[in-house]
Amino acid sequence: MSIEVNNESAIDVDEAVLQRLAVYVLDALHVHQDAELAIVLVDEGAMEQLHVQWMDEPGPTDVLSFPMDELRPGSDENPTPPGLLGDVVLCPQVAETQARAAGHPLIDELTLLTTHGMLHLLGFDHAEPEDEKEMFGLQRDLLVGFTMQERRR
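In this note's numbering, the protein residues as written are 1020 to 1172.
This is the structure:
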C-alpha cells in the first residue's frame, strides 16, 4: 500500500499513528495492497481556501476528502482493485479546538477525522439518516479495532 502522510501545518503530529491507522482501515475494508492514499495536514488558511473552492463554504473545516478512482470497499474474496483512493486533507488547528471541546487528545481527533475522510473516499456518506447510521457505525468499529491494535503494540 502506498500511503503518504505530509504535514504542511505548524502543529506537531505523530504521522506514524496516522500511517498505521490508514493501513488498518484499508486492510479492514479489503482495499487492494496497491491502492494509493495521501493524507495531508494543512494550516487554517490553506484549509479555508480548499473549503471555499470545493464546498463553497466560508472558513476552515476539520477534514475534506478528494476521491480519485471511486474505489469501494472489497471483501476477502473480491478485494478492491488497485488504484488511486484519493486525498484526505486535515486541519490540525481546527481538530485541536474540537479535541479540547470533546476532552480528548489531538491525535484521537485526528484519527477520527482521518477514518471519516477515508470512508468518504470509499463512497460512504451521511446525508441520509440510514447512511449516517451505517457510516458512523463503521467508523466507530474501525476506531475501536484500531485502538485495540495500538494498545497491543
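Cβ coordinates follow ideal geometry from the N, Cα and C atoms, glycine included.
Through-space distance from aspartate 1046 to glutamate 1096, alpha-carbon basis = 13 Å
task = Let me know if proline 1124 comes out buried or exposed under the rule of 16 or more other beta-carbons within 10 Å of its beta-carbon.
result = exposed
message = Can you look up phenylalanine 1143 in the DSSP assignment and give me helix, strand or coil?
response = coil
task = Please name the residue, chosen from Lys1152, Arg1172, Met1066, Thr1130, that lies closest to valine 1044 on a Cα-to-Cα basis.
result = Thr1130
ask   = If you draw a straight line from the alpha carbon of glutamine 1068 to that of alanine 1114, how long is it in whole angstroms?
value = 17 Å
ask   = CB-CB under 8 Å to leucine 1037, same chain, minus the five flanking residues each way: which ones, in chain order?
value = Val1024, Ile1058, Leu1129, Thr1130, Thr1133
request  = Check each candidate in Gln1168, Glu1169, Pro1092, Met1074 and name the one with the smallest Cα separation from arginine 1138.
outcome  = The residue asked about is misnamed: residue 1138 is leucine in this sequence, not arginine. Closest option to leucine 1138, Cα to Cα, is Pro1092.
request  = Please state if the CB of leucine 1104 and the CB of leucine 1056 are separated by a distance shorter than 8 Å.
outcome  = yes
ask   = Using the rule of at least 16 other Cβ atoms within 10 Å of the residue's Cβ for burial, across every protein chain shown, is methionine 1167 buried or exposed?
value = exposed
query = Can you name, in chain order, every residue of its own chain whose Cβ lies under 6 Å from the Cβ of valine 1050, other than the five neighbours on each side?
reply = Thr1099
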